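Enquirer: Have a look at this one.
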Amino acid sequence: MLLPSLVLSFIRDVQARAIREKGFAPDPDKYAYASAKLWDELEHKNRAGSEAVKSDLQDTLTLMRELGPFQNPVHLFGLVKYNREILEVARRSGYADESWVPFASATFGSDNAVTIRIRQHYVVIYNDGLFVLVDLISAQLSYALQELASGGEGSESLAQAAERAFDVESEIVQSLLTTITCFVTTGDPRRAVEKIADHLLPQDGNHRLLRDTALRFVVAHELGHVYLHHLEDAGQETIGPTQVSFRWKSEYEADDFAVKIAIQALADSRIGPRYKFLFTELLAVQVQPMLLVLVSSAKNYLEHGGIPPLREGEGTHPPSDLRFARVQARIDTALRDVSIAEDEDAAASALMAFILSVLLPPLKEECLKLRHAGVRPV
Ligand SMILES: [Zn+2]
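What follows is the structure, encoded as structure tokens:
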């Protein structure tokens, strides 16, 4: 995987622009930490002997050498890996043709994620800070979910256990509220991280799975634009950081594509322990858009006191809650053929109910209070 100089110069331009706009200096500590993690993984996986992973790691190391220390190598590895997995699933299921799509990545985009095309190369740009936020919210949710997975008390159903675990006065809910408002008002994920108690930040396991699958969903959405030829339809052939505005129809199609990929990946991997299903694919597919709804809602409460109505042509994507409702409907349809244990279903419903009815109202209240005090979102 060798990147052409045009792609490289584009990525450097995006990074320089993002650093100017966001004041996000390249962080040598972060780079060193991420590189070390990647090398650990390389050693570990080499022992495990998976050819696909070895090849992904080699591609990632090549990209690291080519792109330099602005990149987060762990995210680069995710992009290389997901690009391969998504393409495999898409080809097997007939969602994409045989032509390989070479791609590069760039972090620090100011939006959630966008895809652009430079000649034959596709560049996925995504917002590093946003993924750190999703990461840290997921960590706290995973903590609560792990408690649920270890079993409710006595004859308690999972739905009842969830209700108890996600009480509005609970430590986990209070911590989530603090984290989201801190990120929205400072724009700095590192400061938001500092607000989380150590014991609410599991280092391994479900937390990481959740983050990985959430990132894969976003990458699948972006690659969906490529495979479904939306870039050609939008007439996007320019060189440089021009953001493409797709029609909302294309955004919904890319969401559908990402759901299909997630469901297929799920069908391929349903061999794990009891709650693997709940904690990984399904949850990430459902929760990731909800986290974006939460963050954008908090911003809207601060800016406007509520969620302003959006029409086609305003903003690059349809409103997150509309997208979420559609993704949810797609998942429901796709899952009709997949048997889900009743308690898994109950726990997933309880979690969604928690986000909508327990977390959203106090978040709104908190943001309106801040708005009254003159605090502006970043
Ligand atoms: Zn899109």
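In this note's numbering, the protein residues as written are 1075 to 1452. C-beta atoms are modelled at their ideal positions from N, C-alpha and C, and glycine is treated no differently. Model, not experiment: these values are computed from the prediction.
(1) So, for K1438: in the same chain, excluding its five sequence neighbours on each side, which residues have a beta-carbon less than 6 Å away from its beta-carbon?
(2) Should Q1338 and S1124 be called a contact, given that it needs their Cβ atoms to be closer than 8 Å?
(3) Give the range of the alpha helix (DSSP H) segment to which V1038 is assigned.
(4) Just to confirm, is the Cβ distance from I1335 to A1399 under 8 Å?
(5) Enumerate in chain order the residues of its own chain whose CB-to-CB distance from W1113 is below 8 Å, with the five nearest sequence positions on each side excluded.
(6) Nearer than 7 Å: is that true of the beta carbon of A1336 relative to any heavy atom of ligand 1?
(7) Have a look at R1191 and S1083 and give me their C-alpha separation to the nearest angstrom.
(8) Quick check: what's the CA-CA separation for S1079 versus E1140?
(9) Give every residue of the same chain whose Cβ lies closer than 6 Å to the Cβ of G1279, excluding the five residues on either side of it in the sequence, and list them in chain order.
(10) Expressed to the nearest angstrom, what Euclidean distance is found between the alpha-carbon atoms of E1268 and E1306?
(11) With a 10 Å radius around its C-beta and 16 neighbouring C-beta atoms as the bar for buried, classify V1452 as buried or exposed.
(12) Only counting the same chain, and skipping five residues up and downstream in sequence, which positions put a Cβ closer than 6 Å to that of T1252?
(13) Measuring from each Cβ to the nearest heavy atom of ligand 1, keep the ones under 5 Å and list them in chain order.
(14) To which residues of the same chain is C1441 closer than 6 Å at the C-beta, ignoring the five residues directly before and after it?
(15) Can you tell me which of the three DSSP states I1192 falls into?
Expert: Looking at the coordinates:
(1) Y1375
(2) At least 8 Å separates the beta-carbon of Q1338 from that of S1124.
(3) Residue coverage of the chain in this structure runs from 1075 to 1452, which leaves residue 1038 outside it and unanswerable.
(4) At a Cβ-Cβ threshold of 8 Å, I1335 and A1399 do not count as neighbours.
(5) none
(6) A1336 Cβ: outside cutoff for every heavy atom of ligand 1.
(7) 14 Å
(8) 10 Å
(9) Confidence is the limiting factor: at G1279 the pLDDT is only 48, short of 50, which leaves the residue's position unreliable, though a coordinate-based value still follows. Same-chain partners within the cutoff: there are none.
(10) 44 Å
(11) exposed
(12) K1269
(13) E1325, A1328
(14) Closer than 6 Å at Cβ, skipping near neighbours: A1372, Y1375, L1376.
(15) It is a strand residue.
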